[in-house]
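Numbering (the numbering used here), first residue to last: 6 to 495.
Every residue gets a Cβ at the ideal spot worked out from N, C-alpha and C, and that includes glycine.
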Ligand SMILES: [Zn+2]
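So, in structure tokens, the structure goes:
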């Protein structure tokens with residue numbers, strides 16, 4: 006009991022950034038930061054040196070730079086479809102026509118540099134131009150389909166280690182990555198006709214019938230075999246995590262699994278139940294998310310149904326943490342009625358502890374009440390500013406970031422898909438510092454501490470270790486950076 010009290014006290018102390026640092030030190034850094042805001046290079050030096058804590062909104066496949074996929078394909082001399090640029094590591098399904106060629110053959114034909122550039126543009130948003138006739142959101146989301154089997158070739162080992170090293174270089178000590186869907190638990194086809202029943206019950210808002218059907222499907226899904234499949238998956242994840250020695254004194258990694266919001270309802274529910282069952286006790290799999298374009302017709306049609314599914318699962322597995330992409334929308338992308346309820350249903354119905362993006366906040370019905378509830382519940386907002394700029398065309402003039410801050414809703418700064426967007430965690434802080442001059446050094450420091458305090462880490466020990474490190478790193482930064490910077494530049 007005594008230890009628990011001490012832990013809580015320690016947690017509280019570490020939760021209040023700045024409280025143990027002298028005010029004069031913080032204000033000196035703040036005035037330096039303000040002087041640097043006119044130059045991006047200077048800001049990069051500043052934020053590269055500043056500890057950033059964790060990245061809580063991080064997609065595994067979208068975070069690895071395309072160069073890593075290309076290297077893998079080249080070293081394996083994989084098959085490449087010269088028309089579609091699809092990459093395959095074995096010859097299954099490859100027709101013997103000229104479209105499919107060996108990587109090295111095609112590279113020789115096109116020239117190494119040209120081929121590299123073609124592939125980089127194909128597997129990321131590099132050099133994206135709106136004038137090509139493709140919208141930025143289609144360009145972005147389509148990239149994930151292009152990874153195909155090359156994604157599997159890099160999972161997980163080399164990809165996870167690359168993510169770790171890249172994080173350490175940026176003074177990021179924790180990542181919660183959305184790794185993959187769990188390959189277990191598919192309901193037999195004979196259940197498919199129930200898709201219609203789910204949609205009908207949802208349309209009539211018949212929660213009793215909905216939950217009863219969810220329950221029936223859950224009991225059918227979680228057979229002994231499926232539970233073994235889930236256990237084996239978790240054992241494999243743990244084995245790989247330990248084999249790679251990912252966690253150490255500099256870095257800690259945890260995983261979220263996810264559900265695809267563009268699948269038929271029965272499949273979404275199957276993935277969701279499997280995810281909750283897997284995450285209920287596991288220490289590495291710490292949370293559940295929902296991915297794929299929120300503006301996709303199926304995602305829009307089934308949004309309320311999906312939130313009810315989360316509500317049911319949260320009641321069945323109350324200890325499992327959920328973060329949801331919600332309000333990743335912009336005016337004109339969808340019709341007005343679809344802008345009015347996504348964030349509030351994620352908060353109020355699904356019980357999400359964290360909201361990813363929340364860009365369309367201002368369009369929510371009764372938004373001020375929603376903001377009050379988010380503040381009271383301490384619902385965290387995961388800001389992916391660079392991603393919002395690219396996909397939704399957000400700017401500092403229409404992004405609600407500062408509103409969340411003024412309303413005292415906890416903010417964390419994240420990257421979303423740094424590989425596809427070809428940015429990094431430092432870049433997120435830089436862009437926000439440039440576009441939102443009202444944010445002070447103390448605010449940025451608070452965002453960094455939020456990213457550990459509001460992470461889904463299970464176990465006080467791991468969280469305390471990360472908070473201690475973050476505190477030490479900030480002390481070092483505050484004691485050394487200004488002196489060194491002034492020595493050189495002033
Ligand atoms: Zn995301």
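Could you pull the start and end residues of the beta strand (DSSP E) that residue i belongs to?
{"i": "residue 257", "result": "257-265"}
{"i": "residue 58", "result": "58-64"}
{"i": "residue 183", "result": "177-185"}
{"i": "residue 294", "result": "290-296"}
{"i": "residue 416", "result": "416-418"}
{"i": "residue 86", "result": "84-86"}
{"i": "residue 385", "result": "385-388"}
Would you kindly check if the distance between the Cβ of residue j and the Cβ of residue i is under 8 Å?
{"i": "residue 478", "j": "residue 176", "result": "yes"}
{"i": "residue 390", "j": "residue 406", "result": "yes"}
{"i": "residue 55", "j": "residue 482", "result": "yes"}
{"i": "residue 266", "j": "residue 304", "result": "yes"}
{"i": "residue 396", "j": "residue 141", "result": "yes"}
{"i": "residue 424", "j": "residue 80", "result": "no"}
{"i": "residue 332", "j": "residue 373", "result": "no"}
{"i": "residue 414", "j": "residue 445", "result": "no"}
{"i": "residue 514", "j": "residue 65", "result": "As shown, the chain starts at 6 and ends at 495. That puts residue 514 outside it, with no answer to give."}
{"i": "residue 204", "j": "residue 270", "result": "yes"}
{"i": "residue 493", "j": "residue 33", "result": "no"}
{"i": "residue 353", "j": "residue 378", "result": "yes"}
{"i": "residue 273", "j": "residue 300", "result": "no"}
{"i": "residue 426", "j": "residue 454", "result": "no"}
{"i": "residue 222", "j": "residue 192", "result": "yes"}
{"i": "residue 329", "j": "residue 360", "result": "yes"}
{"i": "residue 467", "j": "residue 257", "result": "yes"}
{"i": "residue 292", "j": "residue 327", "result": "yes"}
{"i": "residue 71", "j": "residue 124", "result": "yes"}
{"i": "residue 349", "j": "residue 369", "result": "yes"}
{"i": "residue 317", "j": "residue 196", "result": "no"}
{"i": "residue 255", "j": "residue 173", "result": "yes"}
Sort the options by Cα distance to residue i and report the nearest one.
{"i": "residue 59", "options": "169, 337 and 104", "result": "169"}
{"i": "residue 185", "options": "162, 197, 261 and 327", "result": "261"}
{"i": "residue 236", "options": "189, 33, 380 and 264", "result": "189"}
{"i": "residue 434", "options": "32, 38 and 33", "result": "38"}
{"i": "residue 308", "options": "64, 322 and 347", "result": "347"}
{"i": "residue 409", "options": "426, 454, 388 and 429", "result": "388"}
{"i": "residue 297", "options": "421, 162 and 172", "result": "421"}
{"i": "residue 40", "options": "394, 438 and 489", "result": "438"}
{"i": "residue 430", "options": "137, 249, 61 and 271", "result": "61"}
{"i": "residue 128", "options": "214, 117, 145 and 495", "result": "145"}
{"i": "residue 287", "options": "147, 325 and 84", "result": "325"}
{"i": "residue 253", "options": "133, 360 and 180", "result": "180"}
{"i": "residue 398", "options": "334, 77 and 249", "result": "334"}
{"i": "residue 248", "options": "162, 272 and 173", "result": "162"}
{"i": "residue 276", "options": "119, 295, 350 and 258", "result": "295"}
{"i": "residue 459", "options": "215, 394 and 357", "result": "357"}
{"i": "residue 386", "options": "369, 417 and 411", "result": "417"}
{"i": "residue 227", "options": "419, 283, 474 and 453", "result": "283"}
{"i": "residue 82", "options": "107, 239 and 96", "result": "107"}
{"i": "residue 401", "options": "229, 42, 92 and 440", "result": "440"}
{"i": "residue 132", "options": "428, 344 and 234", "result": "428"}
{"i": "residue 419", "options": "63, 51, 35 and 49", "result": "63"}
{"i": "residue 382", "options": "345, 412 and 404", "result": "412"}
So the alpha helix (DSSP H) residue i belongs to, where does it begin and stop?
{"i": "residue 356", "result": "Residue 356 -> no alpha helix (DSSP H), and no H or E assigned at all."}
{"i": "residue 424", "result": "423-426"}
{"i": "residue 331", "result": "Taken as a continuous stretch (DSSP letters only), residue 331 belongs to no alpha helix (DSSP H), being part of the beta strand (DSSP E) at 326-331."}
{"i": "residue 167", "result": "162-174"}
{"i": "residue 139", "result": "No alpha helix (DSSP H) contains residue 139, which DSSP labels as neither H nor E."}
{"i": "residue 196", "result": "Where residue 196 is concerned, there is no enclosing alpha helix (DSSP H), given that its DSSP letter is neither H nor E."}
{"i": "residue 51", "result": "45-54"}
{"i": "residue 314", "result": "308-321"}
{"i": "residue 234", "result": "229-248"}
{"i": "residue 221", "result": "212-226"}
{"i": "residue 399", "result": "Where residue 399 is concerned, there is no enclosing alpha helix (DSSP H), given that its DSSP letter is neither H nor E."}
{"i": "residue 91", "result": "No alpha helix (DSSP H) contains residue 91, which DSSP labels as neither H nor E."}
{"i": "residue 272", "result": "270-284"}
{"i": "residue 409", "result": "406-411"}
{"i": "residue 77", "result": "71-80"}
{"i": "residue 381", "result": "372-382"}
**Item:** Lining residues of ligand 1 - beta-carbon closer than 6 Å to any non-hydrogen atom, in sequence order
**Value:** Counting only residues whose CB is nearer than 6 Å to a non-hydrogen atom of ligand 1, the list in chain order is 62, 64, 330, 361 and 421.
**Segments assigned alpha helix (DSSP H), at least 4 residues, entirely inside the segment 107-134** = Listed in chain order, they are 108-115 and 117-127.
**Message:** Going residue by residue through the segment 421-482, where are the continuous beta strand (DSSP E) segments of at least 3 residues, counting only ones entirely within it?
**Reply:** The beta strand (DSSP E) runs lying completely inside the segment 421-482 and spanning 3 residues or more number zero.
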